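**Q** Let me give you the structure first, and then I'll get to my questions.
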Amino acid sequence: MDELTTLRGMRADTPPMTPEAERAARLRLLAASPGPERRRRRAPRVVWRLGAVAALAAGSVVAAAVVRDAGSGAPGRPSPMMPVANVAELGERAARTAESDPGPVAGPRQWTYVRHAYAEPRRYGVGVTGKVATGEFWVDFTGGGMRTSNGGGGLRRSPAGSWADLTRYTATDPAALRRQLLAAARAERRAETAPGSGPRLRVLSDPAPDPRAPVTDADVFTLVDALMRLTAPPPRLQAALYRLLPRLEGARLRRGAADVTGRRGVAFTMVTDRGRSVGEIIVSEGDYRYLGSRMVQIPGPAGKDHRSRAGGVPATGRVVTWTALLAKGVVDRPGTRP
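Quick note on numbering: full-length UniProt numbering labels position 316 of the sequence shown as 316, and the sequence is numbered without any gaps.
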């Protein structure tokens, strides 16, 4: 028997397709079909040059980048062609960059060299001026302290706390690493509020009067920012930190970010300082290397929590710190450059 006759017999009870159903099916097919291939533009590749602390007493530090033309990324690196869709994707791309292109890692008795640009702070009051300054320093974290030098032979010692000891962060799983960072932030909170603690490098933006007050994901974000700015985390830890950031409660993606030198990027952003500021950790959108950080004060009545504004930085916000990391390396003694 003719196969077509048999098929028609099997469909004898099926009603014919209406014109509306035919048009709907056609539209679904067109939507599912791939469009014409777009011409891919060669993307700039950002070479990691780090920068650091604007003013150590104020705790402001950052990073920058030098852009040079390059072809497609090396195997294992994220493609710079497609913009990130969300903060989770940003964390994964930055982590893959850290794993594939490790930066300098200081060994025992070595110094981390930092050259940085920063917005000069106001002489009186909160905020920065319109001037951008540059500087360099050498830093060494030993025995829970921090030693800085301007290269001229003098050393400045500041209590830094155990948070700067990179060996305490052994976890690569985001949940386990978060617990380790919460413990470090809790210890730093107690140290900052202890009687007679004296001046120290502050990394928690607004320590609560009660040292027993619980630490939050905002404290973890601030601590991650300090680790990125002031230390040279090994590739495995740096990648784990990037993968942790999107999992912090309130972490968001901000497009159109820039460091103080004007280098463009995207940022992990989060409300910090007990709801009074928005912090940014900025990476290049081209290859997701660390560029720097910024903090913007949220305008509003004193004491009011502005956590509902976590998705963006108000246009009227006052910039508190803004820096760019220009270079970072490891040397054997202060005053020398990598």
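For each residue, glycine too, the CB sits at the ideal point set by N, CA and C.
In this text the structure is predicted, and so the values were computed from the model without any measurement.
What are the complete beta strand (DSSP E) segments, minimum 3 residues, inside the segment 94-126?
**A** 111-121
**Q** Tell me whether residue 249 sits in a helix, a strand or coil according to DSSP, three-state version.
**A** coil
**Q** Take the Cβ of residue 263 as the centre, count every other Cβ of all protein chains shown within 10 Å, and call the residue buried at 16 or more, exposed below.
**A** buried
**Q** Going along the chain, which residues of its own chain have a beta-carbon closer than 7 Å to the beta-carbon of residue 223, five neighbours each way excluded?
**A** 163, 181, 184, 185, 203
**Q** Which residue from 228, 175, 232, 121 puts its Cα closest to that of residue 111?
**A** When each option's Cα is compared against that of residue 111, the closest is 232.
**Q** Return the CA-CA distance between residue 179 and residue 283, expressed in angstroms with no decimal places.
**A** So the alpha carbons of these two residues sit roughly 25 Å apart.
**Q** Output yes or no for whether 8 Å exceeds the beta carbon distance between residue 85 and residue 322.
**A** Contact flag unset, no.
**Q** With 16 as the cutoff for other CB atoms within 10 Å, does residue 310 come out buried or exposed?
**A** At residue 310, the pLDDT of 40 sits below 50, so the modelled position is not reliable; the number obtained from the coordinates is stated separately. Residue environment for residue 310: buried (at least 16 other C-beta atoms within 10 angstroms of its C-beta).
**Q** Could you say which of 220, 279, 122 lies nearest to residue 169 if we only look at CA atoms?
**A** 220
**Q** Assuming the contact rule is C-beta atoms closer than 8 Å, residue 266 and residue 285 should be a hit. Round their C-beta distance to whole Å, please.
**A** 5 Å
**Q** My output table needs one value for residue 167: the three-state DSSP class, helix, strand or coil.
**A** Reduced to three states, the DSSP call for residue 167 is helix.
**Q** Is residue 338 a contact residue of the ligand NAD, with contact defined as CB to any heavy atom under 7 Å?
**A** Inclusion of the ligand NAD in the displayed structure is not the case, the ligand content being empty and no account of it being possible.
**Q** Using a Cβ-Cβ cut-off of 8 Å (strictly less than) and excluding sequence neighbours within five positions of residue 277, which residues of its own chain qualify?
**A** Here the set comprises 205, 271, 295, 296, 297, 298, 320.
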